[in-house]
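Visitor:
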Amino acid sequence: NQENERLLFSVFPSAIARRLQRGETQIAEEITNVAVLFADLKGFSKLVSSLSAYESLTILNDLVASFDDLAERFGLEKVKTVGDSYLAVCGLSVPYLDHDKRALDFAIEMLAILRRFNLERSFQLGIQLGIQIGIHSGDILAGIVGKSRVVYDIWGETVKQAHALSQVSASGSVLVSDVVHQIGRAHV
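Positions 43 to 230 (our numbering) are the ones given, in order, by the sequence shown.
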């Protein structure tokens with residue numbers, strides 16, 4: 043049915059959704075040369091402690107929807123959100139020669155979205171949100187994980203490095219790995 047198909051394609055990358063439609067259940071693959079971006083909102087937990095669940099969800103959905111639209115524009119795919127964290131990859135389904143630049147441009151625009159959000163809403167909310175972003179390039183493993191609530195997930199050293207960079211990045215900035223930095227310097 044058309045509604046099930048729409049849901050399938052909204053939850054999984056299109057290539058994975060097509061494989062699931064064909065009946066595949068064990069999907070795992072090695073994907074080389076991608077850029078992984080990990081972003082953490084800062085101050086969100088403090089903010090939600092003073093809001094209703096509905097108000098918290100509305101704010102998070104507004105931000106994530108903005109990030110999703112932006113990801114599509116730059117050719118990144120959101121893998122998942124975990125609470126107030128956002129994980130995206132460039133080069134996952136569609137390979138790009140400039141995946142590192144796309145991920146960095148996306149990150150810079152994420153900062154702009156959060157600045158606009160803070161300008162428009164921080165007075166009303168009484169708090170400003172921050173964001174820490176890390177980007178690393180390399181190879182990943184990806185696939186369908188789980189049995190009762192399956193998810194498409196990515197893992198490996200590249201993902202761990204992007205996450206680690208986001209954790210030590212200053213709020214309101216983007217921290218890239220040496221690999222991403224060297225690739226960027228080579229294109230200047």
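The beta-carbon is built from N, C-alpha and C at its ideal position, and this holds for glycine as well.
Restricting to Cα atoms, I'd like to know which of R163, I196, L153 and Q166 is closest to G214.
Guide: Cα-wise, what sits closest to G214 is L153.
Visitor: Taking the alpha-carbon positions, what's the P137 to R163 distance?
Guide: Looking at the two C-alpha atoms, the distance is approximately 37 Å.
Visitor: Just to confirm before moving on: does the CB-CB distance between I177 and S219 stay below 8 Å?
Guide: Taking 8 Å as the Cβ cut-off, I177 and S219 qualify as a contacting pair.
Visitor: To the nearest angstrom, report how far apart V216 and A81 are at their CA atoms.
Guide: Rounded to whole angstroms, V216 to A81 spans 9 Å at the Cα level.
Visitor: Apply the 10 Å Cβ neighbour rule to E72 and answer buried if 16 or more other Cβ atoms are within range, or exposed otherwise.
Guide: So E72 counts as exposed.
Visitor: Which full runs of the beta strand (DSSP E) of 3+ residues lie inside the region 92-170, going along the chain?
Guide: Complete beta strand (DSSP E) runs here, min 3: 118-124 and 127-132.
Visitor: Quick one: complete beta strand (DSSP E) runs, 3+ long, within the region 179-213?
Guide: For the region 179-213, whole beta strand (DSSP E) runs of length 3 or above, ordered along the chain, are 193-197.
Visitor: In chain order, what residues of the same chain have a beta carbon less than 8 Å from the beta carbon of D110, not counting five sequence neighbours either side?
Guide: Closer than 8 Å at Cβ, skipping near neighbours: K120.
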